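Undergrad:
Numbering (this note's numbering), first residue to last: 3 to 169.
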């Protein structure tokens, strides 16, 4: 699909009906359900499939703590986070062979992966599931004993509220 070609209406409707994304630009949709920067860029391929390029930026621990985090702790956290991303394909409904890359960029980790699907609704669901998986994996890696800042404090508060309501 060239840059000038309009995105098929079926794809825009699938994102709109999903309720977890806002349209931003020609082919990019931004997740509205995560505290992190989760984006999906879509392209129609010649074979009729839609290519979904998913990227999620999460902060490194030192970027969301009041006090410093030792380099060895942050390096270990990042290595564990990177290893856990290998399991991201387990959250998708489609038969996608995800090969996520995780790159450290200053005070963030950037997770990127892509897949194609003929079924745009399943693809949108799977893109959302990958973004949720990245957020959940980040939360699992929160190390007790630090004084955290936003967005971690909001995430932890929301989790505590949900735990109290039976969710």
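The C-beta atom is built at its ideal place from N, Cα and C for all residues, glycine as well. Computed from a predicted model, the values in this text were never measured in an experiment.
Just to check my reading of the structure: residue 52 and residue 119 have Cβ atoms closer than 8 Å, yes? What is that Cβ distance to the nearest angstrom?
TA: That belief holds up - the Cβ atoms of residue 52 and residue 119 are roughly 6 Å apart, short of 8 Å.
Undergrad: Who are the near neighbours of residue 57 in its chain, counting only those whose CB is closer than 6 Å to its CB and skipping five residues on each side?
TA: 41 and 114, listed in sequence order.
Undergrad: Under the rule that 16 or more other beta-carbon atoms within 10 Å means buried, what is residue 68, buried or exposed?
TA: Exposed: under 16 other Cβ atoms inside 10 Å.
Undergrad: Is it buried or exposed, residue 63, if we count other Cβ atoms within 10 angstroms and call 16 or more buried?
TA: With 16 or more Cβ atoms within 10 Å of its Cβ, residue 63 is classed as buried.
Undergrad: Under 6 Å Cβ to Cβ from residue 71, same chain only, skipping five residues before and after it: list those, please.
TA: Result list for residue 71: 63 and 64, in chain order.
Undergrad: Considering only their Cβ atoms, is the gap separating residue 32 from residue 24 smaller than 8 Å?
TA: Yes. Within cutoff.
Undergrad: Skipping 5 residues on each side, what residues in its chain have a beta carbon closer than 6 Å to that of residue 93?
TA: The answer, listed in chain order, is 131 and 135.
Undergrad: List in chain order: all unbroken beta strand (DSSP E) runs of 3+ residues lying wholly within the segment 25-78.
TA: Runs of the beta strand (DSSP E) inside the segment 25-78: 30-33, 39-46 and 52-61.
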